[in-house]
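Novice: Following this message is one structure expressed as structure tokens.
Number of protein chains: 2
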Amino acid sequence: MAAVAALIGDPARANILTALLDGRALTAKELAFAARVSPQTTSGHLTKLTGAGLLALEKQGRHRYFRLASPLVGQMMEAVMAFAGPDEQPRSTWRGGEALRTARTCYDHIAGRLGVALADVLTERGHVALTSDGGEVTPSGHAFLHEFGAEPVPGKRVFCRPCLDWSERRPHIAGRLGVALACRCFELGWIARQRDTRALAITAAGQDGFAARFGLNVAEFGRA
Amino acid sequence: MAAVAALIGDPARANILTALLDGRALTAKELAFAARVSPQTTSGHLTKLTGAGLLALEKQGRHRYFRLASPLVGQMMEAVMAFAGPDEQPRSTWRGGEALRTARTCYDHIAGRLGVALADVLTERGHVALTSDGGEVTPSGHAFLHEFGAEPVPGKRVFCRPCLDWSERRPHIAGRLGVALACRCFELGWIARQRDTRALAITAAGQDGFAARFGLNVAEFGRA
DNA sequence: TACATGCTTCGGCCACGACCGAAGTGTTCT
DNA sequence: AGAACACTTCGGTCGTGGCCGAAGCATGTA
Numbered sequence: 026m027a028a029v030a031a032l033i034g035d036p037a038r039a040n041i042l043t044a045l046l047d048g049r050a051l052t053a054k055e056l057a058f059a060a061r062v063s064p065q066t067t068s069g070h071l072t073k074l075t076g077a078g079l080l081a082l083e084k085q086g087r088h089r090y091f092r093l094a095s096p097l098v099g100q101m102m103e104a105v106m107a108f109a110g111p112d113e114q115p116r117s118t119w120r121g122g123e124a125l126r127t128a129r130t131c132y133d134h135i136a137g138r139l140g141v142a143l144a145d146v147l148t149e150r151g152h153v154a155l156t157s158d159g160g161e162v163t164p165s166g167h168a169f170l171h172e173f174g175a176e177p178v179p180g181k182r183v184f185c186r187p188c189l190d191w192s193e194r195r196p197h198i199a200g201r202l203g204v205a206l207a208c209r210c211f212e213l214g215w216i217a218r219q220r221d222t223r224a225l226a227i228t229a230a231g232q233d234g235f236a237a238r239f240g241l242n243v244a245e246f247g248r249a
Numbered sequence: 026m027a028a029v030a031a032l033i034g035d036p037a038r039a040n041i042l043t044a045l046l047d048g049r050a051l052t053a054k055e056l057a058f059a060a061r062v063s064p065q066t067t068s069g070h071l072t073k074l075t076g077a078g079l080l081a082l083e084k085q086g087r088h089r090y091f092r093l094a095s096p097l098v099g100q101m102m103e104a105v106m107a108f109a110g111p112d113e114q115p116r117s118t119w120r121g122g123e124a125l126r127t128a129r130t131c132y133d134h135i136a137g138r139l140g141v142a143l144a145d146v147l148t149e150r151g152h153v154a155l156t157s158d159g160g161e162v163t164p165s166g167h168a169f170l171h172e173f174g175a176e177p178v179p180g181k182r183v184f185c186r187p188c189l190d191w192s193e194r195r196p197h198i199a200g201r202l203g204v205a206l207a208c209r210c211f212e213l214g215w216i217a218r219q220r221d222t223r224a225l226a227i228t229a230a231g232q233d234g235f236a237a238r239f240g241l242n243v244a245e246f247g248r249a
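Those sequence lines, one after another, are chains A and B.
For the first sequence, the working numbering begins at 26 and goes up steadily by one.
For the second sequence, the working numbering begins at 26 and goes up steadily by one.
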């Protein structure tokens, strides 16, 4: 336990893990950049992290791709962030923080102001009921999701789990429902991943779509 | 983030936090014993932990009681344990581990074999539906809980949250429902806290009670 | 074949921090 | 008042571990 926490406890390694938090696989070089240390040092860290089972490795040609070994790792990281907040990246007057707060991926679902706003709308309309402990989808919610095309994979009964947002300090929707919502939004081209950041771009189609279907004025998220 | 993880990452501090995981408040001396380091060293660790907001301090005469500052801290610890498992305590052929696996408190609810077994029974009987993401109580469950005297406090809608058990690797019941169940069991004298450990004692009344109301043969938990 | 690229291993430097003994402060008990 | 107790602060030692330069393997490309 202490050993794993100590691994996360090093700033360079914390940067590496944070960079992988959206579920993507990155090369050692990219991670060195994210960690802000030399490739040699990064290599050592990556060896330790994979050795401890935090990261999984996939070789591809002369590249080595690393990703989080399991969702458990992401949940662990988010739990720490929920208490501590993310590390400050002392870049030159870092504007990325603002973008991250607007919308970002949180392992496999949408977080940030957009994520929180979606949760709020769905709650207001009586589609889902969220509490600090869990959540459930109402019949009207099932109908809405079906029509929206974001039906979670069937099987077990509960679809969503609130995930405490470190920037907004309020829950957003994770779990199977969170995944389905995010997937559908990608599919519709409303949001798009960006290079080297977990921040999500909201497209023009997204501006219209979120307004029409969810009554959200996403332009507002940018300011504030 | 990294700073907080680094705090948990030291073995002595991890021991301290683990000792406080059941929600009790302990003195600096007791924590020094739990951490297996000298009182001087412990004092330093406690200063850091309280300074970072992980622990809360309450002075009482010449004693200083420390406890986890918020449930968020406990959740963070449990999330790390869910991935890493607890630290091995290299005591002389440590039998406490077995007791901990039988039944223990997990911040405010019941974990270990007893906790998992309770979750299983309630699921089998259709009283609750648990998934990896959340859970809910059925009408028959509400009736059963009412009759058992463990009605969760009213208000929000969802009562229970599955909490991954590091010893059993299966979920047990946390959340408001978990609290209510644990409280009722303490009230009935079925389980009792013990000194210097999170392990729970199952009383004779508990043996009968868990058998009569839940169909559990708790004697079995001891072996295996 | 020669060269570039991606990544790792080796070696040595350096700093941070965990640790305890001794001494100091404050509280309770008799 | 004096002793016992709970805890902290100070001072100094020591080990662990992060870091990078240089060199060493691979795997691609000209």
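Yeah, the Cβ is synthetic: ideal placement off N, Cα and C, and Gly gets one too.
1) Roughly how many angstroms separate the alpha carbons of A/Q65 and A/V98, rounded to a whole number?
2) Between the C-alpha atoms of B/A244 and B/A236, what's the straight-line distance to the nearest angstrom?
3) Would DSSP call A/R38 helix, strand or coil?
4) Would you grab the beta carbon distance between A/A128 and A/L225 for me? Rounded to a whole angstrom, and I think it's under 8 Å.
5) According to DSSP, is A/R126 helix, strand or coil?
6) Answer yes or no: does any C-beta atom of chain A fall closer than 8 Å to that of B/P111?
7) Is the beta carbon of B/L202 less than 8 Å from the beta carbon of B/P177?
8) Who are the neighbours of B/P36 on chain A, taking C-beta pairs under 8 Å?
9) For a test of the three-state rule: what should DSSP assign to B/A244, helix, strand or coil?
10) Between A/S95 and A/G78, what straight-line distance do the alpha-carbon atoms span, to the nearest angstrom?
11) Tell me, please, whether the CB atom of A/F108 is closer than 8 Å to any CB atom in chain B?
12) What is the rounded straight-line gap between the Cα of B/A230 and the Cα of B/T148?
13) Look at the Cβ atom of B/T174, then the Cβ atom of B/R209, and state whether they are nearer than 8 Å.
14) What residue does the alpha helix (DSSP H) around B/R87 start on, and which one ends it?
15) Can you pull the chain A residues whose beta carbon is under 8 Å from the beta carbon of B/L71, in chain order?
16) So, does the CB of A/V105 fall closer than 8 Å to a CB anywhere in chain B?
17) Determine contact between the segment 47-60 of chain A and the segment 43-59 of chain B, defined as no fewer than three beta-carbon pairs at a distance below 8 Å.
18) Identify the continuous beta strand (DSSP E) that holds A/A136 and give its terminal residues.
19) Tell me which residue opens and which closes the beta strand (DSSP E) that A/L155 is part of.
20) Would you mind working out which of B/A104, B/G151 and B/A27 sits nearest B/T43, comparing C-alpha positions?
21) Would a C-beta distance cut-off of 8 Å place B/F239 and B/L143 closer than the cut-off?
22) Can you give me the Cβ contacts of B/Q232 inside the same chain, cut-off strictly under 6 Å, excluding the 5 residues immediately before and after it?
23) Under a Cβ-count criterion, where at least 16 other Cβ atoms within 10 Å of its own Cβ denotes burial, should B/R120 be classed as buried or exposed?
24) Which class does B/T52 belong to by DSSP, given the choice of helix, strand or coil?
25) With DSSP as the reference, label B/A217 as helix, strand or coil.
26) Please report the residue range of the beta strand (DSSP E) in which A/P196 lies.
27) Taking C-alpha atoms, which residue in A/L213, A/A168, A/H197 and A/R138 lies nearest to A/L241?
28) Can you name the residues that DSSP bridges to B/C208?
29) Kindly identify the DSSP beta-bridge partner or partners of A/F91.
30) What does A/E161 pair with, by DSSP beta-bridge criteria?
31) Output, in chain order, the set of chain A residues within a Cβ distance shorter than 9 Å of B/L97.
32) Cα separation between A/F246 and B/R126?
33) Are the CB atoms of A/R49 and A/R92 nearer to each other than 8 Å?
34) Give a yes or no on whether the minimum CB-CB distance between B/I33 and chain A is below 8 Å.
35) Pop quiz: B/I227 and B/I216 are said to be a contact at Cβ under 8 Å. What is the actual Cβ separation, rounded to whole angstroms?
Specialist: In this structure, then:
1) In a straight line, the C-alpha of A/Q65 is about 24 Å away from that of A/V98.
2) Rounded to whole angstroms, the gap between the alpha carbons of B/A244 and B/A236 is 10 Å.
3) Of the three classes helix, strand and coil, the one that applies to A/R38 here is helix, per DSSP.
4) Under the criterion of beta carbons closer than 8 Å, A/A128 and A/L225 qualify as touching, at roughly 4 Å.
5) Correct three-state label for A/R126: helix.
6) For B/P111, the nearest beta carbon of chain A is closer than 8 Å to its own beta carbon.
7) Here B/L202 is near B/P177, since their CB atoms are less than 8 Å apart.
8) Neighbours of B/P36 on chain A, chain order: A27.
9) Helix at B/A244.
10) Distance between the alpha carbons of A/S95 and A/G78: 9 Å.
11) The C-beta of A/F108 comes closer than 8 Å to at least one C-beta of chain B.
12) Here the alpha carbon of B/A230 sits roughly 24 Å from the alpha carbon of B/T148.
13) Reading the sequence as shown, one finds Gly at residue 174 of chain B and not Thr. Result yes, Cβ atoms of B/G174 and B/R209 sit closer than 8 Å.
14) Note, B/R87: premise wrong, no alpha helix (DSSP H); not H, not E.
15) Think of a sphere of 8 Å around the beta carbon of B/L71: no beta carbon from chain A falls inside it, the nearest being about 16 Å out.
16) Taking Cβ atoms only, chain B reaches closer than 8 Å to A/V105, which makes this a yes.
17) Contact between the segment 47-60 of chain A and the segment 43-59 of chain B is absent, because fewer than three Cβ pairs lie under 8 Å.
18) First-last of the beta strand (DSSP E) with A/A136: H134 to A136.
19) V153 to L155 is the span of the beta strand (DSSP E), which, as asked, contains A/L155.
20) Taking the Cα of B/T43 as reference, the smallest distance to any Cα among B/A104, B/G151 and B/A27 is reached at B/A104.
21) It is a contact, given that the beta carbons lie within the stated cut-off.
22) A distance below 6 Å between beta-carbons, with the five flanking residues on each side excluded, links B/Q232 to the following residues of its chain, in chain order: V243.
23) Confidence in B/R120 is poor, its pLDDT being 45 and thus under 50, which makes the residue's placement too unreliable to answer from.
24) When DSSP states are grouped into helix, strand and coil, B/T52 belongs to the strand group.
25) Looking at B/A217 - three-state DSSP - the assignment turns out to be strand.
26) A/P196 -> beta strand (DSSP E) spans P196 to A199.
27) Nearest option by C-alpha distance: A/R138.
28) B/C208 pairs with nothing; no bridge assigned.
29) DSSP output for A/F91 lists A/L51 and A/L82 as bridge partner(s).
30) Looking at the DSSP output, A/E161 shares a beta bridge with A/A154.
31) Result: A104, A107, F108 and L189.
32) Between the alpha carbons of A/F246 and B/R126 lies a distance of about 48 Å.
33) Result yes, Cβ atoms of A/R49 and A/R92 sit closer than 8 Å.
34) Yes, because at least one Cβ of chain A sits closer than 8 Å to the Cβ of B/I33.
35) Confirmed, about 6 Å.
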